[in-house]
Each structure stands twice: as structure tokens, then as C-alpha cells.
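Heads up, the final residue of the sequence shown is numbered 438 in this note's numbering, and it's a clean run with no missing numbers. Notes follow once the structure below has been shown.
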Amino acid sequence: MTPPATCPVHRIGNIPDLISTVRSKSVLNNAAYFAAAHKLDDGHITVEEFVGGMWTFTDGPEHRRRRKMLNSLVRPDALDAMRENYILPAVEKLLSESLAEPDEDGRYRTDLVELADRLFVGFGANMIGLTDMESPQRQAKLRQIIPGIFGGVLAQFFDNREAVFQMALAAKQTFVEEYYRPAHEAYRRMYAEVEAGTRDEESIPRSLMRLIVSKADPVYEDDEVGIRDAILVFNTAIGTSVQSVVHMVHDTARWFAEHPEDRERVGDMEFLTRCMEETIRLKAPFISFLVRRAGEDLEIGGEAIKQDDELHIEIPRANRDPEVFGPDAGQFNPWRERPEKLPRYGIGFGSGPHACLGLRVVLGNDGHSGSHVRFMQKLFGHGIVPDPAGEPQILAMSQDESAIEDVVTFMSYPVVFDDWTPGNTTVEEYVA
């Protein structure tokens with residue numbers, strides 16, 4: 007549905023109203039509203055090229071059906087295998103490559119955004135089912151389009167959208183022609199072998215591409231829907247993952263500077279999980295608000311909402327409510343007491359039918375052994391700190407009334423590893 011030309015906007019920024027809103031059957035997701043297609047001359051590009059038809063912009067039975075199908079990508083056993091067989095070996099290999107030689111001052115430096123891009127591009131490629139990803143050149147080219155895909159999906163949240171869209175459309179073309187299409191063809195050949203009786207379907211890698219090619223859902227009769235679902239996985243598995251770990255390093259390093267007694271906990275998964283939960287609480291979903299549409303007249307927090315009104319779901323603002331999280335709610339504090347009836351990360355992963363599929367990826371099936379937290383354990387174990395000689399670079403977001411100053415998109419984040427010695431990794435332990 008296209009939003010009306012004049013569409014009232016209601017900001018939902020406290021936890022009780024927010025939770026009741028996102029769980030309400032009368033509140034709907036909508037790609038055109040999300041892209042601000044009624045406000046921005048170029049907003050339709052986001053819908054037509056990136057988010058229209060994505061499973062996350064569906065509701066009701068279709069959403070439940072498609073979400074149930076995609077849940078197979080984040081099964082507990084699949085996540086454990088991905089962590090042990092890919093994430094941990096890849097971290098050690100990437101550190102060895104990135105920190106092979108010290109700088110002139112004897113310190114080992116790299117850029118955390120680039121390091122995380124390199125790690126999560128493999129993770130995302132596995133989830134999507136991209137093929138021939140052993141090539142360093144193909145991996146590097148895929149990493150180059152991460153900012154473009156991120157910008158294309160989230161264009162309304164950034165300044166200078168014309169430049170963002172130019173980058174985004176070029177990135178999508180590269181993604182589709184050089185990665186999506188070859189993978190689709192490879193999986194089509196696998197299924198042809200299944201039909202010929204020369205291959206067992208269980209031998210086909212479990213991935214989004216398997217679901218698309220096998221038409222596990224009728225929507226995949228439309229090729230563009232498969233492409234956009236792949237873009238969604240690419241954006242969340244890579245773009246959002248990168249921002250979560252960079253923000254956590256940024257937040258935790260400042261905490262250590264102010265609380266040096268906690269540095270001894272750098273290997274403690276429980277402590278690091280608390281740090282990740284605090285970062286998620288304060289920053290996720292790494293934009294200032296989500297967008298919903300009122301499907302009918304309703305009331306939220308005593309305010310009358312008309313059908314088709316636009317709702318801005320301000321998760322970072324709600325997660326900083328001092329009445330819920332204490333007087334220092336706007337500050338990073340891994341020792342914060344868990345609020346009543348809420349997890350430590352608040353509603354950072356959302357709530358209701360559209361809650362983020364990535365919760366168990368980040369925090370683990372048991373709540374404290376997720377791939378992202380294990381990645382952080384490796385980095386802090388090798389003494390990662392922000393590089394005092396470097397300056398992070400960010401992609402400027404639109405500074406409207408909903409903006410929160412420290413919810414930014416890092417494009418570069420220079421770091422130093424103070425406890426690194428070449429050859430001290432355990433890569434052989436994982437790669438054998």
C-alpha cells in the first residue's frame with residue numbers, strides 16, 4: 007500500500023506503548039512507509055529495488071508462513087556448527103593476515119570495520135548460499151558492496167540520498183549478476199540432479215538459496231522476491247552484524263578506560279555477553295526508528311491514531327527510559343540490573359511477530375555463547391583498543407527529531423592490538 011500524500015506521524019518512544027504497538031494485529035509493516043516513499047522523491051527506489059516483497063514487510067498468515075520457513079536458517083544446531091566450523095577459525099585466520107607486521111612504532115593495527123566485514127561476509131554468504139566464495143578476490147568484491155546494500159535498504163535514514171542511491175544501485179547490480187545469479191544456477195543444477203535421481207536432496211546445503219530454488223514458498227515464483235530476501239539476509243547478517251561488534255568494541259573500550267578493574271574479565275563470556283546486551287539495548291537496530299502503519303483506527307498511549315497513520319517505533323529511545331533501566335539509562339553499564347519482565351537488551355531485538363531472527367546468532371542458543379560474542383572474546387583477548395592515532399569515519403545519518411547522536415554507522419574504525427604476537431593464534435586448533 008502506498009502511503010497517503012499527507013500522512014500524520016506518531017512517535018512511539020516508551021516501552022509499554024512500543025511493545026503493545028508492535029504486537030498489535032492492527033499495526034502493520036509496509037515497505038512504502040518504511041522507505042518514506044510519500045515524502046521523498048526517490049523513496050520509491052528503495053521499495054522497487056530493495057525492500058518490496060521482502061518477508062519482513064509482510065503481516066498475518068503470509069508473514070507467519072515465511073518466517074517459519076526462514077527459521078530453518080537459524081536452527082540451534084546450524085548456529086552451533088557455524089560458530090565452531092566457520093566463525094572461530096575465520097577469526098584466527100583473519101587476525102593472522104591483518105596483523106602480520108607491526109607499524110613503525112611496533113604496534114599492530116588494523117581497521118575493525120574491514121576485519122568484521124571480512125568475517126561476516128563469509129557468514130552471510132553461507133546463509134544465503136552464495137557459491138565459489140573461496141576466492142579472496144570474490145570475497146573482497148563482495149565486501150566492497152556492503153555499504154551500498156546497507157544504504158539502499160536504509161536510504162531514508164541517510165543524508166545525501168542521491169549519492170547513496172547511486173552507490174546502492176551499482177551494488178545491487180554487482181550482487182545480482184556476479185553472486186546471486188551464479189548461486190541460483192548452481193542450486194538449480196543440484197535440484198536437477200535430485201530430479202534425475204543422482205543426488206540426495208539432503209546433500210544440498212541448507213541456505214536461503216535452497217529455499218528459493220526449491221520454491222519452498224510460492225512467493226519465490228517471483229524472482230525479484232528471492233533477490234530481495236537475499237538482500238535482507240545480506241544486510242542483516244553482514245551490515246548489522248558489523249555495526250553491532252564495532253559499537254560493542256567502542257562502548258566496552260570506554261568502559262575499560264573508566265573501570266580498569268574489569269579488564270581482567272576480557273575472556274569472561276558472561277561479562278562480554280552483558281557488554282553486547284548493553285550495546286544492543288542502546289544502539290539496535292542501529293537506526294533511530296522502525297516504521298509501521300495503522301491498519302485501522304486505534305489508540306496508543308491515550309493518543310487517537312487513524313487508519314493509515316504512520317508510526318515511528320523508536321527502539322533506541324525507548325531502551326533509554328530511566329523509569330525502566332535506571333537513572334543512568336542512557337549510559338553503557340554492563341553491570342546494570344536486569345529490569346523486571348525484560349531481558350537486559352530491552353527490546354533491542356524487537357518484539358512480537360517481527361522480532362529479529364538474529365537474536366540467537368548474536369547471543370547464542372544458551373544466551374551467552376553466540377558467534378558475535380565469541381568474536382569479541384577473541385578480539386579483547388588479543389588486547390583490542392581504539393587506535394589513539396586513528397579517527398573513526400561514519401556515514402552521516404539524517405538528523406531529524408528522532409535522531410540519537412551516538413546511533414551512527416561506522417564506515418571505518420581504526421584499532422590497535424596490544425596483546426598480539428604473530429604466531430600466537432590457535433588457528434590450527436580449528437582448521438585441520
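Even for Gly, the Cβ is constructed at its ideal location relative to N, Cα and C. Remember, predicted model here, so these are calculated numbers, not experimental data.
Here DSSP, grouped into helix, strand and coil, assigns Tyr-351 to coil. Linking Gly-370 to Arg-380 through their CA atoms gives a straight-line distance of about 9 Å. Residue environment analysis places Asp-206 among the exposed positions, since fewer than 16 neighbouring C-beta atoms fall within 10 angstroms of its C-beta. By the C-beta criterion, the segment 421–429 is judged to be in contact with the segment 100–107, since at least 3 inter-stretch pairs fall below 8 Å. When the beta-carbon positions are compared, Ala-324 and Asn-20 come within less than 7 Å of each other. Close CB contacts of Glu-227 within its chain, under the 7 Å cut and outside five residues either way in sequence, are with Lys-221 (chain order).
Our two residues, Arg-29 and Asp-47, have alpha carbons roughly 31 Å apart in a direct line.
Counting only the Cα atoms, Gly-157 lies some 22 Å from Glu-316. By the Cβ-count criterion, His-360 is buried, with 16 or more other Cβ atoms from all chains shown falling within 10 Å of its own Cβ. DSSP lists Arg-17, Val-297 as the bridge partner or partners of His-318. In the DSSP assignment, Phe-277 falls within the alpha helix (DSSP H) that extends over 275–289. Note on Ile-400: under 16 other CB atoms within 10 angstroms of its CB, so exposed under the neighbour-count rule.
Burial is judged here by how many other beta carbons sit within 10 angstroms of a residue's own beta carbon; Trp-261 has at least 16 and is buried. Secondary structure at Asp-111: coil, using DSSP grouped into helix, strand and coil. Its Cα nearest to that of Arg-89, the residue Gly-376 stands out among Ala-43, Gly-307, Gly-376. Taking all protein chains shown into account, Trp-61 has 16 or more neighbouring C-beta atoms within 10 Å of its C-beta and is therefore buried.
Around the C-beta of Gln-162, 16 or more other C-beta atoms lie within 10 Å, and the residue is accordingly described as buried. Per DSSP, Ile-311 is not a residue of any alpha helix (DSSP H); the beta strand (DSSP E) it occupies stretches across 309–311. Residue range 328–331 is occupied by the alpha helix (DSSP H) that includes Val-330. Between His-190 and the set Arg-115, Ser-404, Asp-138, the nearest pair of CA atoms involves Asp-138.
Using a Cβ-Cβ distance cut-off of 8 Å, the segment 93–100 and the segment 134–153 are not in contact, since fewer than three pairs of beta carbons, one from each stretch, lie closer than that value.
For a cut-off of 8 Å, the C-beta gap from Pro-398 to Phe-416 is around 6 Å, short enough to register as a contact. When the five nearest sequence neighbours on each side are left out, the beta carbons in the same chain lying within less than 8 Å of the beta carbon of Arg-366 are those of Val-80, Pro-82, Leu-85, Gly-376, in order along the chain.
Given a length threshold of 4 residues, each whole run of the alpha helix (DSSP H) inside the segment 362–389 is given here in chain order: 365–369, 377–387. When Tyr-185, Ile-155, Tyr-186 are compared, the shortest CA-CA separation from Gln-172 is found for Ile-155. By the Cβ neighbour-count rule, Gly-203 is exposed, with fewer than 16 other Cβ atoms within 10 Å of its own. The distance from the Cβ of Pro-322 to that of Val-413 is about 5 Å, consistent with a contact at the 8 Å cut-off.
Sorting Asn-241, Ile-306, Thr-279, Ile-319 by C-alpha distance to the C-alpha of Arg-350 places Thr-279 at the top. Residue burial is scored here from C-beta neighbours: Gln-383 has at least 16 other C-beta atoms within 10 angstroms and is therefore classed as buried. Note: Glu-305 is bridge-paired with Ala-310 in the DSSP secondary-structure output. Of the candidates Thr-180, Arg-149, His-50, the residue whose Cα lies closest to the Cα of Thr-8 is His-50.
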